[in-house]
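Novice: Quick one: the structure is below, questions incoming.
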């Protein structure tokens with residue numbers, strides 16, 4: 001993790017962020033320090049599976065950056081089949097410090113078979129460096145260590161010719177019980193193709209190196225970490241993963257940050273290499289506000305033409321009703337005064353219709369109504385002429 005942290009430094013520096021590395025006693029301490037509200041730590045690297053689901057609600061995950069296998073190196077005859085538990089029940093096995101990833105994860109693994117570390121006095125909780133020295137010197141029989149294949153400790157052990165690597169034939173079954181694990185394979189010849197070393201495929205259980213942050217961390221800084229993680233993952237040779245698989249959210253012990261989810265779904269922000277991330281984040285928020293405003297305004301905008309058309313239909317219908325009412329009154333009107341009053345009503349309606357704001361789709365109906373109005377007006381004028389002669 002220290003080597004990975006050092007690789008993050010130049011990428012964050014490009015964004016004007018100074019990254020300071022802090023040494024702890026292991027993954028459990030990393031997570032606890034990050035979760036401590038009194039701590040000044042803003043982010044942490046940890047092995048997936050050390051934290052239990054829901055244990056740290058104030059933390060969020062930016063995803064995993066590489067596989068971290070559980071390596072069991074041992075001396076003696078190669079173990080076949082299911083004889084591993086019987087073999088290690090009497091051997092001196094180093095499992096790392098209390099709170100280390102190897103000790104914490106191994107405890108969960110052994111619990112599935114009813115074995116507890118407290119009842120295994122032959123399991124030695126000593127630092128990895130000391131354990132490696134003792135194993136190479138023949139003072140202990142085995143070591144459990146969780147680290148990347150490229151880590152110096154693992155490389156030292158892989159180069160030792162008299163050590164075997166424990167094969168986990170039931171790895172897929174353990175993955176079903178402990179979802180933070182993945183089943184990976186160290187292929188035959190993967191360490192030395194010419195010497196065909198190892199001599200067969202070795203199944204391993206692997207967790208992953210997870211980048212955790214306080215959920216209050218500014219999204220722009222989270223983006224900077226994600227971009228750095230992406231560049232670091234691309235620059236490293238991923239032995240167990242396909243190219244460009246990492247970073248990825250594969251450990252669900254800690255909830256995924258919304259910023260990370262957007263990063264994995266949509267990729268890095270546009271122009272991230274040209275525009276400061278704080279400005280990109282600001283524009284992103286403005287865009288979301290603008291999109292939200294548009295989501296409210298657009299339906300209203302679409303509703304306006306419908307409202308205008310509906311209003312037009314109502315005005316024209318009211319006009320027809322007035323014309324029909326006047327036509328009904330005409331049947332019982334014989335006096336000059338009554339007829340002139342009806343003409344005044346039609347003229348008033350005609351004058352009002354000029355000021356109506358009518359939708360273009362209803363223009364034909366408007367002028368049809370005006371034609372009906374003029375037709376009724378002509379009938380009144382004819383009847384008015386008759387009434388005038390009689391008077």
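Residue numbers (the numbering used here): 1 to 391.
Every residue, glycine too, gets a C-beta built ideally from N, C-alpha and C.
1. Could you give the residue range of the alpha helix (DSSP H) that holds residue 69?
2. Please work out which residues of its chain come closer than 7 Å, Cβ to Cβ, to residue 380, disregarding the five sequence neighbours upstream and downstream, and give them in chain order.
3. May I ask you to report which of helix, strand or coil DSSP gives residue 41?
4. Relative to the C-alpha of residue 150, which residue among 66, 203, 32, 45 is closest?
5. Residue 140 to residue 4, Cα distance in whole Å?
6. On the three-pair Cβ rule with 8 Å, is the segment 197-215 touching the segment 177-189?
7. Exposed or buried, what is residue 63 when buried is set at 16 or more other beta-carbons lying within 10 Å of its beta-carbon?
8. Suppose contacts are defined by Cβ-Cβ distances below 8 Å. Is residue 60 in contact with residue 256 by that definition?
9. Just curious, the beta strand (DSSP E) that residue 209 is in, first and last residue?
10. Mapping DSSP to helix, strand and coil, what is residue 229?
11. Which term fits residue 321, buried or exposed, when burial requires 16 or more other beta carbons within 10 angstroms of its beta carbon?
12. List the endpoints of the continuous alpha helix (DSSP H) containing residue 31.
13. Tell me the start and end of each unbroken alpha helix (DSSP H) in the segment 126-196 that is at least 4 residues and wholly inside, in chain order.
14. Closest by CA to residue 318, which one among 334, 356, 6?
15. Express the C-alpha separation of residue 354 and residue 348 in angstroms, rounding to a whole number.
16. The alpha helix (DSSP H) that contains residue 12, what's its start and end?
17. For residue 93, tell me which candidate among 127, 111, 108, 114 has the shortest Cα-Cα distance.
18. Find out if the Cβ-Cβ distance for the pair residue 8, residue 142 is shorter than 8 Å.
19. Who pairs with residue 124 in a beta bridge, going by DSSP?
20. Could you tell me whether the segment 166-177 touches the segment 6-22, using the rule of 3 or more Cβ pairs below 8 Å?
21. Give every residue of the same chain whose Cβ lies closer than 6 Å to the Cβ of residue 232, excluding the five residues on either side of it in the sequence, and list them in chain order.
Specialist: In this structure, then:
1. Premise fails: residue 69 lies in the beta strand (DSSP E), 59-74, not in any alpha helix (DSSP H).
2. 330, 339, 342, 343
3. Correct three-state label for residue 41: coil.
4. 66
5. Taking the Cα positions, residue 140 is about 30 Å away from residue 4.
6. yes
7. buried
8. yes
9. Per DSSP, residue 209 is one residue of the beta strand (DSSP E) stretching across 202-214.
10. helix
11. exposed
12. 27-35
13. The segment 126-196 is shown to contain whole alpha helix (DSSP H) runs of 4 or more residues at 128-136, 152-158, 171-177, in chain order.
14. 356
15. 10 Å
16. Run containing residue 12: 2-13, per the alpha helix (DSSP H) assignment.
17. 127
18. no
19. 94
20. no
21. Taking residue 232 as the centre and dropping the five residues before and after it, the same chain places the C-beta of 7 closer than 6 Å to its C-beta, in chain order.
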